[in-house]
Amino acid sequence: MRVLLTGSSGWLGRHIAPLLEAAGHEAIGLDPAPGAHTDIVGSVADRVLVMQIFADRGVEAVIHSGALHKPDIVRYPTQAFVDVNVTGTLNLLEASVAHNVQRFVFTSTTSLMISAAVRAGASERAVWLDENFAPLEPRNIYGITKLAAEQICRLYHHNHALRCIILRTGRFFPEEDDTDLPLSGENNKANEFLNRRLTVEDAAAAHLAALDRAP
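Under the working numbering, the first residue of the sequence shown carries the number 348, and numbering increases by one thereafter.
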């Protein structure tokens with residue numbers, strides 16, 4: 348399949364692209380930053396560009412891993428998160444429906460499940476996160492925009508039968524977190540890696556599995 352891969356210059360995208368190629372897919376990389384796996388330098392927030400890519404490249408599937416992330420909160424204004432994470436996702440979904448795309452994989456985050464209340468009590472007791480975890484009360488603009496984008500994906504799945512899979516990934520980025528709070532607890536680091544961390548290689552492999560098995 349011809350797969351549009353957003354965020355192709357990013358930490359996750361640069362690991363997904365080789366897996367796509369090894370599986371026999373044609374990866375079309377889109378990212379605001381140049382990179383080895385990026386064919387088109389631009390933003391998903393640019394609706395005209397997105398529509399043109401689908402028309403010109405014959406896109407058959409999408410892996411939407413591009414986003415502004417939690418560490419970007421200190422570098423970008425709130426509006427930028429809405430433009431990229433929400434409007435950008437909507438642009439891709441609209442283009443997918445218009446061009447009869449077969450599958451759409453969206454990279455979301457477990458960060459949207461960590462409310463301020465959960466964060467405050469996490470050092471004292473374990474918090475089990477799964478698909479049924481509620482209520483969802485994201486504590487920052489990153490989580491809020493990711494949750495909004497998830498809901499738009501669900502809307503397009505129900506209204507247009509677009510085959511969507513949402514992956515809420517654990518943390519796999521190498522950047523420091525955006526908190527200065529000290530980590531406490533005797534087994535805190537072990538619990539951190541057991542419950543919140545994910546290797547980028549496993550994250551990339553999960554996206555390929557989702558692409559193959561989109562409902």
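Quick reminder that beta carbons are idealized off the backbone N, C-alpha and C, glycines included.
- Taking a cut-off of 8 Å for Cβ pairs, the segment 379-392 and the segment 440-449 do not touch, as fewer than three such pairs fall below it.
- It is roughly 9 Å from the alpha-carbon of alanine 364 to the alpha-carbon of threonine 385.
- Between the C-alpha atoms of arginine 404 and isoleucine 387 there is a straight-line separation of about 11 Å.
- Cysteine 511 has Phe451 as its beta-bridge partners, per DSSP.
- CA-CA distance, methionine 398 to leucine 494, rounds to 24 Å.
- Comparing alpha-carbon positions, the option among Val406, Asp559, Tyr489 lying closest to aspartate 430 turns out to be Tyr489.
- For valine 547, the uninterrupted alpha helix (DSSP H) segment begins and ends at 547-560.
- By the Cβ rule, the segment 411-418 does not count as touching the segment 367-376, because fewer than three pairs are nearer than 8 Å.
- One Cα belongs to arginine 518, the other to isoleucine 400, and the distance between them is close to 30 Å.
- If you check the CB distance, glutamate 441 and methionine 348 do not come in under 8 Å.
- Excluding five sequence positions before and after valine 444, the CB atoms of its chain that fall closer than 7 Å to its own CB belong to Tyr503, His507, Leu509, given in chain order.
- In the DSSP assignment, the residues bridged to threonine 456 are Thr516.
- Under the DSSP definition of a beta bridge, histidine 362 lacks any partner.
- Straight-line spacing of the CA atoms in proline 485 and glycine 382 works out to 31 Å.
- Residue environment for histidine 362: buried (at least 16 other C-beta atoms within 10 angstroms of its C-beta).
- Assignment of leucine 352 by DSSP, reduced to helix, strand and coil, places it in the strand class.
- Separation of alanine 552 and proline 424 (C-alpha to C-alpha, rounded to the nearest whole angstrom) is 32 Å.
- DSSP places alanine 427 in the uninterrupted alpha helix (DSSP H) bounded by 425-428.
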